[in-house]
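K.L.:
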Amino acid sequence: MNWQLFVAFRYLTSKHKEKFISVISLIAILGIAVGVAALIVVIAVMSGFDNDLKEKIIGTNAHVVIESDYGVTPSAEFLAKVLSTPHVLFASFYLHGQALIRKDENVTGVIVKGIEPKNEGMVSKIRSYVTNGSLDLGEDGVVVGSELASRLRLKLGDNISLVSSSDTEGKTLKVKGIFTSGMYEYDMNLVYIDVKKAQELFAAPGIVSGIAIKVDDAFDAPAIKKELLKKMGEPFTVRTWMDLNKNLLAALKLEKTVMFLILTLIVIVACLNIASTLIMTVLEKTKDIGILKAIGASNFNVMIVFAIEGSLIGFLGTALGTFLGLVLCWCLKTYKFITLPQDIYYIDKLPVKLELSDVSLIVVCSFLISLIATLYPARKASRLDAVEALRYE
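Residues in the sequence shown are numbered consecutively from 3, following our numbering.
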C-alpha cells in the first residue's frame, strides 16, 4: 500500500475533531447507495416492460412483411422466392382492411386481417393466443379479440356482420375463437377471417395485401430486410416489425433515457456531499498537509491523497447501492410482491430484466461522478502553502 492510499484511508476512518464530517461522509455514502440502487431497480423494471412489450408485438405481428401499393398476386413462385432467402423460416399471405363489425345494435370499427389459418400459426403466435375456441376459421369463421368480445358481448357460436366500403351488404360470420394478445389495441380492434373471405369482403379477387414472414431472429430483421429488398425489387416495400412500431419503440427508448438522467441527479446531489466532506477535511487537516509538504510531498501527491479519499467514499456508496439494487431486483423477480391491476397492464407482476450493460453503465457513471466531485477540494488542498499550513491552528 503506497503512502497516499494509507493517508487517505486514515483520513476516512479516523475520528474527526468535528463529528459533523463523519456524518456528512456517511450521508454521502448512503446517498450514492440509494441513488445507484434506485437506478438499477427502475432501469431493470423499464427493461422488463420493454422486453415484455416487444414480445407481445412480435407475437402478434410477423417479423417482416412485404407489401405493394397495387397489391400482391399470391403464387407458389412468389412464396418460393421469399422462402429461398437466407434466415427466412416461414411465410404466409394476408389481406387487411378496415370494416365495421355489428352484433345486434352494437357497431364499431375494426381492422380485418384475412389470413391463411394453417400458415398464420407459423409466422405469429396468434394460435397460442386463442383462449376460447380455435383458429380453424373455415369459410365463415371469425376470431375476435377479448376486449372486442367483451364490448360486443360476444361468445363462441355468435353471429356477427362485417361491412366494408366495398361490400355494404356485409358478410355474416360465426365467432370461432377469442384471442388475448396482451396488447389492448390488438385485442380491441383486430379480427381474423379467412383470406378468401377477406377478398370477397374487400372486393379484391386474386389479390392480397402482402406476405408475412418469420425469420430465425426477430432482432436481426433489418439485415434480412435488406436481402429481401435486393431480391424483390420494385414495386414491393419491405418493412420489419420495428418499422411498423417505430414510434412506440422510440418512445420507450426515450422514456428509459429520461428516467436514467432524472435518477442520475440523485447520485449527483449525493456526490456533492463528497465535495463537502473533503473541503471540511482539508480545513481540519491543514496542519497535516503542511507537514506532508515539509517532508517532501508534492502538490500532486497531496491532491492524490484527497482524490483517493473521495473515490473511496464513491466506491463504497456505489458498491453498496449495486448490491442493494441487485438484491431488490432479485426479490421483485422471485417473490413478485408488487402487484399491478391486470385489467390495465395485462400483467399482474412487475417485469424485471437485469442487463449487464445497464448495470455497468450505472456503476461507471456513479464512480465517475464521485471522482469529478473530488477534483475541486483535492486541488484546493494541493495548493496550500506549506509554511502557512504549519502555522494554521
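Ideal Cβ positions, reconstructed from N, Cα and C, are used throughout, including at glycine.
Considering only C-alpha positions, which residue in the set Pro119, Phe8 and Gly37 is nearest to Phe369?
P.N.:
Gly37
K.L.:
Going by Cα to Cα distance, which pick from Tyr96, Ile103 and Val114 is closest to Gly123?
P.N.:
Nearest of Tyr96, Ile103 and Val114 to Gly123, Cα basis: Tyr96.
K.L.:
Let me know if Val361 comes out buried or exposed under the rule of 16 or more other beta-carbons within 10 Å of its beta-carbon.
P.N.:
buried
K.L.:
Quick one: is Met3 buried, meaning 16 or more other Cβ sit within 10 Å of its Cβ, or exposed?
P.N.:
Model confidence at Met3 stands at a pLDDT of 49, short of 50, so the residue's coordinates are unreliable and nothing is read from them.
K.L.:
Can you check the stretch 143-184 for any beta strand (DSSP E) of at least 3 residues that lies completely inside it and give the ranges in chain order?
P.N.:
143-147, 161-166 and 169-181
K.L.:
Do the stretch 222-229 and the stretch 75-82 meet, that is, are 3 or more Cβ pairs less than 8 Å apart?
P.N.:
The stretch 222-229 vs the stretch 75-82: no contact.
K.L.:
For His98 versus Gly73, is the C-beta distance shorter than 8 Å?
P.N.:
no
K.L.:
Do the CB positions of Leu231 and Asp196 come within less than 8 Å of each other?
P.N.:
no
K.L.:
How about Ala46 and Leu356: are their beta carbons less than 8 Å apart?
P.N.:
yes
K.L.:
Here's the rule: buried if 16 or more other CB atoms are within 10 angstroms of the residue's CB, otherwise exposed. What is Asn63?
P.N.:
buried
K.L.:
Whole-angstrom Cβ separation of Ile180 and Val144, contact assumed at under 8 Å?
P.N.:
About 10 Å separates the beta carbon of Ile180 from that of Val144, a gap too long to meet the 8 Å contact definition.
K.L.:
Between Lys209 and Ile162, is the Cβ-Cβ spacing less than 8 Å?
P.N.:
The question names Lys, but residue 209 in the sequence shown is Ile. Ile162 sits away from Ile209, with the two beta carbons spaced by 8 Å or more.
K.L.:
Quick check on the DSSP output: what are the complete alpha helix (DSSP H) runs of length 4 or more inside the stretch 307-368, in order along the chain?
P.N.:
344-347
K.L.:
Give a yes or no on whether the C-beta atoms belonging to Ser94 and Glu69 are separated by under 8 Å.
P.N.:
no
K.L.:
On the DSSP bridge list, what partners appear for Lys216?
P.N.:
Phe92
K.L.:
Which residues does DSSP list as the beta-bridge partners of Tyr378?
P.N.:
DSSP lists no partner for Tyr378.
K.L.:
How would you write the range of the alpha helix (DSSP H) that Asn191 sits in, first residue to last?
P.N.:
Tyr186 to Asn191
K.L.:
Would you identify the three-state DSSP class for Leu139, choosing helix, strand or coil?
P.N.:
In this structure, DSSP gives Leu139 a state outside helix and strand, which the three-state scheme calls coil.
K.L.:
What is the C-beta distance between Ile59 and Asn247, in whole angstroms, given that I count them as a contact (C-beta under 8 Å)?
P.N.:
Right, their Cβ atoms sit about 6 Å apart.
K.L.:
Give the single residue among Arg385, Leu55, Leu314 and Glu141 whose Cα lies nearest to the Cα of Lys199.
P.N.:
Glu141
K.L.:
Are the Cβ atoms of Ser372 and Ser313 separated by less than 8 Å?
P.N.:
yes
K.L.:
In the stretch 235-266, which residue ranges form an unbroken beta strand (DSSP E) of at least 3 residues, counting only runs that do not cross its ends?
P.N.:
238-242
K.L.:
Suppose you measure from the CA of Pro207 to the CA of Arg241; what does that come to, to the nearest Å?
P.N.:
Answer to the nearest angstrom: the Cα atoms are 24 Å apart.
K.L.:
Rounding to the nearest angstrom, what Cα-Cα distance links Ala30 and Arg155 in this structure?
P.N.:
Taking the straight line joining both Cα atoms gives about 59 Å.
K.L.:
Whole angstroms are fine: how far does the CA of Leu41 sit from the CA of Leu265?
P.N.:
6 Å
K.L.:
For the alpha helix (DSSP H) that contains Ile128, what are its first and last residues?
P.N.:
Ile128 to Tyr131
K.L.:
What number of angstroms, rounded off, separates the C-alpha of Phe8 from the C-alpha of Leu274?
P.N.:
Those two C-alpha atoms are separated by around 24 Å.
K.L.:
List the whole-angstrom C-beta distance separating Val450 from Leu164, where the pair is believed to meet the contact cut-off of C-beta under 8 Å.
P.N.:
No answer is possible for residue 450: the residues shown for the chain start at 3 and end at 395.
K.L.:
Tell me which residues share the same chain as Lys436 and place their Cβ nearer than 6 Å to its Cβ, disregarding the 5 neighbours each side in the sequence.
P.N.:
This structure cannot settle anything about residue 436, because the visible part of the chain is limited to 3 through 395.
K.L.:
Return the bridge partner residues of Asn108 from the DSSP annotation.
P.N.:
DSSP output for Asn108 lists Lys105 as bridge partner(s).
K.L.:
Measure the alpha-carbon distance for Thr324 versus Val365 and round it to whole angstroms.
P.N.:
7 Å
K.L.:
Specify the secondary structure class of Glu118 as computed by DSSP and reduced to three states.
P.N.:
coil
K.L.:
If you check the beta carbons only, do Val177 and Lys157 fall under 8 Å apart?
P.N.:
yes
K.L.:
Among Val354, Phe308, Thr239 and Val269, whose alpha-carbon lies nearest the alpha-carbon of Ile281?
P.N.:
Phe308
K.L.:
Which term fits Thr279, buried or exposed, when burial requires 16 or more other beta carbons within 10 angstroms of its beta carbon?
P.N.:
Counting other Cβ atoms within 10 Å of its Cβ, Thr279 reaches 16 or more and is therefore classed as buried.
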